[in-house]
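These notes are about the structure you will find just below.
Number of protein chains: 2
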Amino acid sequence: MADHSVHFDVTPDATALSETHPPTVRVPTGTLVTEAARLAGIDLGQPCGGQGRCGRCAVQVTGGDVRRRSTLRLKQEDVAAGYALACQSVVESDVTITIPLQEKIERRLTTERTAIEVSVPTGYSAAAQTMRRVAVQLQPADMQDQTDDWSRLQSALRRQTGIPSLSVSLPLLRRLGGILREQDWAVTAVIETDTWDHPADAARLVDLVSGHVPDHAPLWGVAIDIGTTTVSLWLVDLITGAVRAQVAEYNGQISRGEDVISRIIYSSKKNSASPLPSGEGGLIELRDLVLKTINSLLATACKRVLADPASVVKATIAGNSTMMHLLLGIPCESIRLAPFVTAVNHLPVLPATVVGLHIHPEGSVDCLPGVASYVGADISSGVLSSGLDDAEPMMLFMDVGTNGEIVLGNREFLATCACSAGPAFEGAGVQNGMRATEGAIEEVWINNDTHEPTFRVIGGGKARGVCGSGLIALLAELFLTGVIDRSGHFNMNLSSVRVRRGEHGPEYVIVWAADSQTGYDIVITHVDVDNLMRAKAAIYAGFTVLADKVGMPLEMAEQVLIGGSFGKYINVEKAVEIGLLPDRSWDSFKFLGNTSVRGAYLALLDRAARARIRDIAGRMTYIELTADNSFYEAFTSALFLPHTDLSRFPTVQAALAQNPKNLSKEE
Amino acid sequence: MADHSVHFDVTPDATALSETHPPTVRVPTGTLVTEAARLAGIDLGQPCGGQGRCGRCAVQVTGGDVRRRSTLRLKQEDVAAGYALACQSVVESDVTITIPLQEKIERRLTTERTAIEVSVPTGYSAAAQTMRRVAVQLQPADMQDQTDDWSRLQSALRRQTGIPSLSVSLPLLRRLGGILREQDWAVTAVIETDTWDHPADAARLVDLVSGHVPDHAPLWGVAIDIGTTTVSLWLVDLITGAVRAQVAEYNGQISRGEDVISRIIYSSKKNSASPLPSGEGGLIELRDLVLKTINSLLATACKRVLADPASVVKATIAGNSTMMHLLLGIPCESIRLAPFVTAVNHLPVLPATVVGLHIHPEGSVDCLPGVASYVGADISSGVLSSGLDDAEPMMLFMDVGTNGEIVLGNREFLATCACSAGPAFEGAGVQNGMRATEGAIEEVWINNDTHEPTFRVIGGGKARGVCGSGLIALLAELFLTGVIDRSGHFNMNLSSVRVRRGEHGPEYVIVWAADSQTGYDIVITHVDVDNLMRAKAAIYAGFTVLADKVGMPLEMAEQVLIGGSFGKYINVEKAVEIGLLPDRSWDSFKFLGNTSVRGAYLALLDRAARARIRDIAGRMTYIELTADNSFYEAFTSALFLPHTDLSRFPTVQAALAQNPKNLSKEE
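So the protein lines, in turn, are chains A and B. Heads up, the first sequence is in our numbering, so the first residue is 955 and it goes up one at a time. Heads up, the second sequence is in our numbering, so the first residue is 955 and it goes up one at a time.
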């Protein structure tokens, strides 16, 4: 095959450009533009995982030409102007490619602004800990007592702790003699007394330093939640149990796909032309990306309290099953394909060095247990955090992020399912959707008569798009003001310039180009409405099927506990109005924030909490929604606003009665 | 400091020359010639560890000059001719250095010639094994059973073996899904059911392959003995217990010191100018050298039976404490310095990858337990192999290699000590001493009247030197024929041209220059005799002190069990005559060969044997000979031929009575 030169022109402030690579590369005929870009050190975002679905990798061919396999999401005039989807176009001659200004993926560190107050569990003492710090003074060796160093240390520790014997790694044994003699046989040891998979007879020496460390000095651990979108990390002093720093950052894998399915597809790619030293394809690339995120968060958190990351001796990690597999570099294609099984739900405790976490080299990493392909450790952990597993009344727990997982139960039983809601509520698959960052419309109201909107923008400036909570509000408002009917169809007879026929059919203009940050109209289209309705229908159908399967009416759930970052922003009233959440009184909803990281924190602190998560994962009955037709039926019934069966939403029914416009197309 | 060029001229057949480095290097003033040589890729042998004691690194300065810190072991005319000890001379100007033809260190692979017949222990069955192979057929996953792969495999193995749960490494988990699906969910697992440090609750998946491996296919293990001089390796089929290959090779560390003390000193060196990529000094260099020897033996043994080294799942290793520390890269200076303690006697079972053994990456390495700095795992292992620990009568076990270790006891008690015999019996510290290889005189007889010798040379050709068994015979013959007296002094009044005054005082000529391979006379000097007498006295003193300490006369020991390669070659009669071995009837001596590797083999096969070694190491009472004066007194008394107290050697006394020449200088 012939080689061609590919020259990249990069808009000066394009963010993802590496400064170390030349912008011209030579590649063989048939090379994907994304591959060529990567060779040139240019990181093109591919939220859909390089499937040509999202249109985010559009580039402009300004010299030569490429062959376009697909032009989905490109307008005719775009193609005429030379635009091509980098992930769908191959090089067939020498070309010059201009990278347009990409939407910058903002780093949103959870600083003091979003850190939440965490109280140490009542009655916590370091005795609940598996990591134990012990200061000992050894008798020096002499000709009357020639005991070897390691036995001598074990004896001294045995006298002080009662632990009969310890295991130890070779690297630590190598340093042992020097450490013992450095401060006249006075040392401080950190011992892992037990782990969940070896509850007894498995004490291990984790760290040994010369001299006596003061009792009040912190002993560090970290609790981590790997979300598909955001990774959160809490730095914890295991002696007091106090959370000393909370940090969060976008998962570095985002540029390789926004949802778990895109990530799995990306992970299966063999990037032979990959510039990565590993050359092992997408799986290793994704693993390295999330490790980079975690290790950078670790460094940030430690810096904040002047701790050395290498002094962190223990990590607990929660996350959905795909995130856990990707973190560990375990192939996860089987999660995506029927019969949807994971490689592993209950992971053994792993050495930090094997995982790639830059904590203490002898530190242990406890990846919390999941239940199924789409009900992962984030949910086991979330259930613990919510207390659902110990509740007397029946409760509903939901975690809506990129996917929607639901748990119904109490101390007697736990049933769970996952609904493929898709990432619509995270702003993906919606023309002007975006994440909840600066410039996002997060709340919308539409005037019932003029159909003019008012809205609130995060950061207060000009709007760039609409985030999840904004989309829920927008959908509810469009519906309640009669812009769309119960099945989501636009009323084209309204006398509003904002309702119009656009490129993709009917749409509503929220912000005119002149007032937007992008210089284009910000709209919500018929297609967007459809996507949002499918997402909310999937979640509501999950509720109803789960209740049916366990033979309990949904109304019996006394509380609806909402975990995940999604819960932090949404307006419950609007969510009920569109039929996303069941129609319950205000006080039955409880927002718990990131229950996954909180569960990981509890498991980090207390071996009893860790055992309880294992118990929860073991007790949860997983209902596979695709196993029969009931989910499809429930989903179809929920594809109306708020639902086919209006009697399920009495408060919405009452609101509509006051404003009968939108009952025009009743089922 | 100024830089100087060092140019090396190498005699064409000098063996240790690397072909990849240029023979000229530039080094700063003050650089040791050995360092410069290493930078030039020339490996100068340093049997004494670079201490200037052995004289083996002598080089000729043929241009420029060096500063000699010491010229020990060099003759005046050698120095005049430009000779210098490379380890004791530093570069101070541009120099040209000629490397003389070095004694080649022959590689003596134990092939069929030296392989010994090993019978599988009676009643051995694979149930004694900690490694277990299991073929299983799993139920494929489907929508009715979405159990994760790892739980599915564990369930199937549980049904077949009763093992409740397994641990597994991350690398194996990564390959799990693929292996299960490769041959329709038919797989063969290798499970380590238990290890000595985790006798229960610690089953681990070691290997998993797709399809069903036939029951009779071998499952490989290796037993290894790391001697200071020789490393032995047995390749074993764990299913049948049969030893399928036996190989041995010189320990690659020999060129860095012949005895453990030289090795320890070498291990402490920081070779900043080391050409090794590690740059971490002598310890890592020595570790790498022995690993290279072991891995090469492993490859040789596996090749012989067409096995893949990566299919070896288990290794047991015996060796003295210094060898064990060096293998694992554990600093061992404390072994050499009072109060002589090791870093560790009882090592945990270690992963092969951590040790650096090129067996299966999930294979385990069990380094057998030692007792003290100078009574290592080779002795624990040897005691097991000898059966001493289970004997009714009292017995004496000895292993004389570079050091001499002695065990006295039976099933009731075990006492042990180590005598610093030095390497004289291995040919070191003796002017014409050499190892038992081609060209070595291994047996000598001296005519009582003419004092003319007859001798046998290994390989049958011309002699190059005298090996250990030859030296013992020579000493006995010199004594019995009156060439030397009971205190080792030469009788200069003999009418034999072979007894003369040489460079180092009185000496006896065994081979004239014309008949030797070297072209020089082969002699034994007064200094050599002295060294040999000190060595034999140290060992015999060990016997007597040990017997005294346990309060039993030495005569109570019914058998003398001799382990180690030393025992294979010596003539017991001669050894008794010089007072090296106690004066007992022929049938009380039993030669056991390499008891260390045989003990490692037994421990490899059977968890009960492994537990017994642990028990032996725990039961042995170590007597530190330097702790009081008794050893020194016993040593002094033994510095005569055969001993100060002739009544201890009645048969020798009888022989001398027939030939009273050598009673001239009675004590």
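For each residue, glycine too, the CB sits at the ideal point set by N, CA and C.
Asked                                                                                                             : Found
Alpha-carbon to alpha-carbon, serine 1073/B and valine 1453/B                                                     : 49 Å
Chain B contacts made by the segment 1267-1293 of chain A, where a contact means CB separation under 7 Å          : Leu1282, Gly1283, Ile1284, Pro1285, Ser1288, Ala1292 and Pro1293
Where lysine 1416/B falls: helix, strand or coil (DSSP)                                                           : coil
Limits of the unbroken alpha helix (DSSP H) element including arginine 1561/A                                     : 1561-1573
Under 7 Å (Cβ pairs) to chain B, residues found in the segment 1104-1126 of chain A                               : Trp1104, Ser1105, Ser1121, Val1122 and Leu1124
Cβ neighbours of arginine 1217/B in the same chain (closer than 7 Å, five flanking residues each side left out)   : Gly1003, Gln1207, Arg1210, Gly1211, Leu1240, Thr1276 and Leu1280
Among Thr988/B, Leu986/B and Val1013/B, the one whose alpha carbon lies nearest that of aspartate 963/B           : Val1013/B
Environment of glycine 1622/A [buried if 16+ CB atoms lie within 10 Å]                                            : The structure shown has nothing for residue 1622/A, since chain A only spans 955 to 1621.
Within chain A, the residues that alanine 1095/B reaches when beta carbons sit closer than 9 Å                    : Ser1288, Pro1293, Phe1294 and Val1295
Arginine 980/A: first and last residue of the uninterrupted beta strand (DSSP E) it sits in                       : 978-982
Simplified DSSP state of histidine 1170/A, which is helix, strand or coil                                         : coil
For isoleucine 1051/B and alanine 1571/B, the rounded distance between their alpha carbons                        : 50 Å
Short CB-CB distance (under 9 Å) between histidine 1300/A and chain B                                             : yes
Residue-chain proximity (glycine 1132/B, chain A), Cβ-Cβ < 9 Å                                                    : yes
Uninterrupted beta strand (DSSP E) stretches inside the segment 1267-1321 of chain A (no shorter than 3 residues) : 1318-1321
For threonine 1052/A, the residue or residues it bridges with in DSSP                                             : Asp963/A and Gln1014/A
9 Å Cβ cutoff, alanine 1306/A in contact with chain B                                                             : no
First and last residue of the uninterrupted beta strand (DSSP E) at serine 1186/B                                 : 1184-1191
Assigned secondary structure, isoleucine 1493/A (DSSP; H/G/I helix, E/B strand, else coil)                        : helix
Beta carbon proximity, serine 1327/A to chain B, threshold 9 Å                                                    : yes
Beta carbon of valine 1259/A nearer than 9 Å to that of proline 1168/A                                            : no
Neighbour flag for alanine 1608/A against chain B, beta carbons, 9 Å                                              : no
CB of leucine 1500/B within 9 Å of CB of isoleucine 1412/B, strictly                                              : no
Proximity test, alanine 1369/A beta-carbon vs the ligand SAH heavy atom, cut-off 8 Å                              : With respect to the ligand SAH, the structure shown offers nothing to examine, as it has no ligands at all.
CB contact flag (leucine 1486/A, leucine 1546/A, <9 Å)                                                            : no
Endpoints, beta strand (DSSP E) assigned at glutamine 1513/B                                                      : 1513-1517
Minimum C-alpha distance to aspartate 1213/A - residue among Ala1611/A, Phe1379/A and Val1465/A                   : Phe1379/A
Opposing strand residues paired with methionine 1349/B [DSSP bridges]                                             : Gly1363/B and Gln1513/B
Assigned secondary structure, isoleucine 1524/A (DSSP; H/G/I helix, E/B strand, else coil)                        : coil
Within chain B, partners of alanine 1581/A - CB distance below 7 Å                                                : Met1097
Under 7 Å from the C-beta of threonine 1052/A: neighbouring residues of chain B                                   : Here the premise fails: no neighbours, minimum Cβ distance about 40 Å.
Extent of the continuous beta strand (DSSP E) run through isoleucine 1117/B                                       : That residue, isoleucine 1117/B, is in no beta strand (DSSP E); it is neither H nor E in DSSP.
Partners in chain C for threonine 1101/B, counting only beta-carbon separations shorter than 8 Å                  : Although the question refers to chain C, the structure presented lacks it and instead comprises the protein chains A and B.
Neighbour-count burial assignment, methionine 1278/A, 16 or more Cβ in a 10 Å radius                              : buried
Boundaries of the alpha helix (DSSP H) in which cysteine 1256/B is found, first to last residue                   : 1236-1258
Residue range of the beta strand (DSSP E) that includes threonine 1664/B                                          : Beyond the ends of chain B as shown, which are 955 and 1621, falls residue 1664/B; an answer cannot be given.
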